[in-house]
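Asks:
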Ligand SMILES: Nc1ncnc2c1ncn2[C@@H]1O[C@H](COP(=O)(O)OP(=O)(O)O)[C@@H](O)[C@H]1O
Ligand SMILES: [Mg+2]
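Take a look at the structure:
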């Protein structure tokens with residue numbers, strides 16, 4: 001049982017880290033608490049699901065193998081949602097950037113609109129099946145290759161984005177803006193396009209997380225209402241780690257993941273229901289002890 | 303080079319600038335002096351364009367009217383980054399280094415818009431010659447620098463943007479007299495190297511000592527203007543505005 005918690009908690013933690021990174025990034029850079037983050041997670045899974053058969057129909061006859069197609073669909077879905085995310089940002093959030101309350105109202109509305117659009121466009125569910133099959137045993141626990149792939153890709157992407165933020169010129173502009181918006185503008189940073197780019201990265205990462213969650217952890221079905229839980233989880237992780245802190249996001253993701261698995265193991269019979277309350281409950285408990293989160297001094301993007 | 307005409311700025315109804323006219327010729331060193339709250343910072347933020355930019359959590363919506371032209375082009379409706387690109391660089395009040403970046407990273411942010419890698423390298427060398435202490439502290443987080451070092455960093459960072467016109471907001475604020483002297487000497491040296499300077503200060507005596515021409519700003523209006531000699535001749539000006 002311990003082994004089980006160890007392995008599955010780690011996998012969930014990795015995926016949570018990927019999910020929450022985008023949420024903390026857009027907050028750190030533009031100050032936006034994006035309550036539509038989960039909706040981009042959800043629509044990403046649907047678009048991935050639709051792209052699979054479509055790509056197969058055009059690339060299949062050309063001899064492209066069926067393992068390449070899901071990866072291609074994943075990349076295309078992330079790019080598509082990233083572009084859509086930055087347009088949504090520009091049209092709905094940017095004009096009200098100074099007003100936190102209005103942003104919450106607008107982003108939750110965006111989430112509901114996306115849910116309805118998905119319902120109309122894709123129906124009640126769509127298959128997001130694992131794109132690799134088979135499993136192996138790690139310290140006695142059976143783990144699917146899909147879970148391993150999702151975990152490795154999640155952490156790889158996390159590290160990649162972290163390096164981008166710390167070592168690229170655009171990353172430097174993101175950190176500068178998060179520390180002092182006005183002075184960053186005085187250096188010539190075009191904040192409007194920087195916020196749009198950040199939103200694109202943030203929503204693209206949400207899409208990747210959506211595909212990984214549905215194919216590796218959930219039942220392989222995307223449904224239009226699966227945006228609230230990832231939103232709560234992101235929220236809990238990011239508040240727990242300290243809003244805007246990347247290190248905190250990583251640590252927070254693993255804490256929430258392990259607590260979920262621990263609680264599920266203890267309350268086996270009611271596990272499914274109780275687990276849903278874990279992210280928020282954990283967050284509240286930790287905030288009682290450390291009101292600014294584990295790493296929160298203020299916004300920092302180390 | 304720079305011309306500000308009938309500039310009016312309101313912050314949510316409260317007036318901060320009330321019909322300001324100033325002019326800076328190519329190669330001049332112009333000073334603006336005025337007490338706290340006169341509108342000096344507002345003037346510089348209007349010129350550099352950040353006054354009307356959208357910003358997270360920025361509740362006030364300043365409104366601006368009047369015209370600002372630079373090298374014959376209207377800039378009062380331009381985005382801040384475009385104004386930087388044209389060569390107007392604003393060194394902000396209270397230095398404001400990016401506190402979680404090293405000295406070197408701060409300097410690189412100054413060169414953010416520049417594509418001439420060689421030129422940036424050369425300017426970095428020049429800035430290190432001008433401020434040897436910054437070279438020593440290049441890998442240190444800027445928040446660990448002293449106030450004087452931070453002011454030098456702010457000026458150096460602005461230089462990295464390759465200004466044609468440098469706007470400097472109260473560089474002497476909070477510095478010990480000896481540091482003040484030093485910072486002003488360096489600003490003068492920058493001016494001598496061909497950068498036009500618009501300096502905003504509360505400290506009257508240093509501005510009189512350094513600027514070619516001085517505007518006196520009070521309550522959002524230009525009270526008077528002239529060279530040091532002209533201003534000193536007028537007894538009222540001397541007593542009321544300069545406190546000398
Ligand atoms: N962000 C702001 N919001 C509202 N009022 C402001 C703001 N900044 C400055 N003011 C007001 O505008 C006037 C001029 O301020 P400022 O330009 O900072 O003067 P100075 O730099 O000469 O001290 C002051 O009355 C000040 O209270
Ligand atoms: Mg001021």
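Chains as they are written, first to last, in the numbering used here: chain A, 1 to 302; chain B, 303 to 546.
Beta carbons: idealized from backbone N, C-alpha and C, even for Gly.
1) In this structure, does DSSP put residue 402/B in helix, strand or coil?
2) Taking beta-carbon pairs under 8 Å, can you tell me which members of the region 163-184 of chain A lie near chain B?
3) Within its chain, find whatever has a CB closer than 6 Å to the CB of residue 3/A; leave out the 5 residues flanking it on each side and keep chain order.
4) Less than 8 Å between the CB atoms is what I'm expecting for residue 470/B and residue 489/B, so what's the real figure, rounded?
5) If the cut-off is 8 Å on Cβ atoms, which residues from the region 494-524 of chain B count as contacting chain A, listed in chain order?
6) Please identify the residue among 355/B, 422/B and 446/B whose C-alpha is closest to the C-alpha of residue 260/B.
7) Quick one: does the C-beta of residue 342/B sit closer than 6 Å to a heavy atom of ligand 2?
8) Can you tell me whether residue 308/B is helix, strand or coil according to DSSP?
9) Quick one: which unbroken beta strand (DSSP E) runs of 3-plus residues sit fully inside the region 187-265 of chain A? Chain order, please.
10) Check whether the Cβ of residue 395/B sits closer than 6 Å to any heavy atom of ligand 2, and report yes or no.
11) Take every Cβ of the region 85-95 of chain A, pair it with every Cβ of the region 55-70 of chain A, and state whether three or more of those distances are shorter than 8 Å.
12) Could you list the residues in the region 1-34 of chain A with a C-beta less than 8 Å from some C-beta on chain B, going in chain order?
13) Mark residue 196/A as exposed unless 16 or more other C-beta atoms lie within 10 angstroms of its C-beta, in which case mark it buried.
14) Leaving out five residues on either side along the sequence, give the residues of the same chain with a beta carbon under 8 Å from the beta carbon of residue 221/A.
15) If you drop the 5 nearest sequence neighbours on each side, which residues of the same chain put their C-beta closer than 6 Å to that of residue 122/A?
16) Closer than 8 Å by beta-carbon distance: list the chain B residues that pair up with residue 94/A, in chain order.
17) Please go through the region 470-542 of chain B and give each complete alpha helix (DSSP H) segment of 4 or more residues, from N-terminal end onward.
18) Would residue 528/B count as contacting chain A if we go by Cβ distances under 7 Å?
19) When burial is assigned at 16 or more other CB atoms within 10 Å of the CB, is residue 244/A buried or exposed?
20) Can you grab the Cα-Cα spacing for the pair residue 208/A / residue 455/B, in whole Å?
21) Alpha carbon to alpha carbon, how far is residue 337/B from residue 353/B?
22) So if I threshold CB-CB distances at 8 Å, which residues from the region 121-134 of chain A count as touching chain B?
23) Could you check whether residue 238/A and residue 283/A sit closer than 7 Å to each other, using their CB atoms as the reference points?
24) Taking CB distances under 7 Å as the criterion, tell me whether residue 414/B reaches chain A.
25) Can a CB atom of chain A be found closer than 7 Å to the CB of residue 458/B?
26) On the three-state DSSP scale, how would you describe residue 319/B?
27) Residue 166/A to residue 151/A, Cα distance in whole Å?
28) Excluding the 5 residues flanking residue 1/A on each side, which residues of the same chain have their C-beta closer than 7 Å to its C-beta?
29) Counting only beta-carbon separations shorter than 7 Å, does residue 359/B have a partner in chain A?
30) Whose C-beta lies closer than 6 Å to the C-beta of residue 234/A among residues of the same chain, with five residues either side of it excluded?
31) Under the rule that 16 or more other beta-carbon atoms within 10 Å means buried, what is residue 277/A, buried or exposed?
32) To the nearest angstrom, how far is the alpha carbon of residue 419/B from that of residue 168/A?
33) Starting from residue 333/B, follow its DSSP beta bridges and name the residues at the other end.
34) If contact means a Cβ-Cβ distance below 8 Å, which residues of the region 368-386 of chain B contact chain A?
Replies: Judging by the given coordinates:
1) The answer is coil: DSSP assigns residue 402/B none of H, G, I, E or B.
2) So the list reads 169, 172, 173, 175, 176, 179, 180, 181, 182, 183 and 184, given in the order they occur along the chain.
3) Once the five neighbours on either side are set aside, the close Cβ partners of residue 3/A are 139, 140 and 141.
4) Correct: roughly 7 Å between the Cβ atoms.
5) Within the region 494-524 of chain B, no residue has a Cβ that lies closer than 8 Å to any Cβ of chain A.
6) The requested residue 260/B does not occur in the structure, where chain B is confined to residues 303 to 546.
7) Yes - ligand 2 has a heavy atom lying nearer than 6 Å to the Cβ of residue 342/B.
8) It is a strand residue.
9) Given a length threshold of 3 residues, the region 187-265 of chain A has no whole run of the beta strand (DSSP E) inside it.
10) Flag set: Cβ of residue 395/B near ligand 2.
11) By the Cβ rule, the region 85-95 of chain A does not count as touching the region 55-70 of chain A, because fewer than three pairs are nearer than 8 Å.
12) Of all residues in the region 1-34 of chain A, 30, 31 and 32 have a Cβ within less than 8 Å of some Cβ in chain B.
13) With 16 or more other Cβ atoms within 10 Å, it is buried.
14) So the qualifying residues of the chain are 125, 126, 127, 128 and 214.
15) If we look at residue 122/A and ignore the five residues flanking it on each side, its Cβ neighbours are 46.
16) Against residue 94/A, the close residues of chain B are 356, in the order they occur along the chain (beta-carbon pairs closer than 8 Å).
17) Uninterrupted alpha helix (DSSP H) stretches at least 4 residues long and entirely within the region 470-542 of chain B occur at 479-494, 506-512 and 530-535, given in chain order.
18) Closer than 7 Å: no.
19) Residue 244/A comes out buried.
20) Spanning the two alpha carbons is a distance of roughly 41 Å.
21) Each residue's alpha carbon lies about 20 Å from the other.
22) Within the region 121-134 of chain A, no residue has a Cβ that lies closer than 8 Å to any Cβ of chain B.
23) Taking a C-beta distance under 7 Å as the contact criterion, residue 283/A and residue 238/A do not qualify as a contact pair.
24) Answer yes: the Cβ-Cβ gap between residue 414/B and chain A drops below 7 Å somewhere.
25) Answer no: the Cβ-Cβ gap between residue 458/B and chain A never drops below 7 Å.
26) Note: residue 319/B maps to strand in three-state DSSP.
27) When rounded, the distance between both Cα atoms is 23 Å.
28) Closer than 7 Å at the Cβ level, and outside the excluded window around residue 1/A, lie 265.
29) Taking CB atoms only, residue 359/B has a neighbour in chain A less than 7 Å away.
30) Residues 19, 20, 23 and 37 of the same chain have their beta carbon placed closer than 6 Å to that of residue 234/A, with the five preceding and five following residues left out of the count.
31) Looking at its Cβ environment, which holds fewer than 16 other Cβ atoms inside 10 Å, residue 277/A is exposed.
32) Rounded to the nearest whole angstrom, the C-alpha separation of residue 419/B and residue 168/A is 15 Å.
33) As computed with DSSP, residue 333/B is found in a beta bridge with 501/B and 516/B.
34) Under the 8 Å Cβ criterion, the region 368-386 of chain B contributes 381, 382, 383 and 386.
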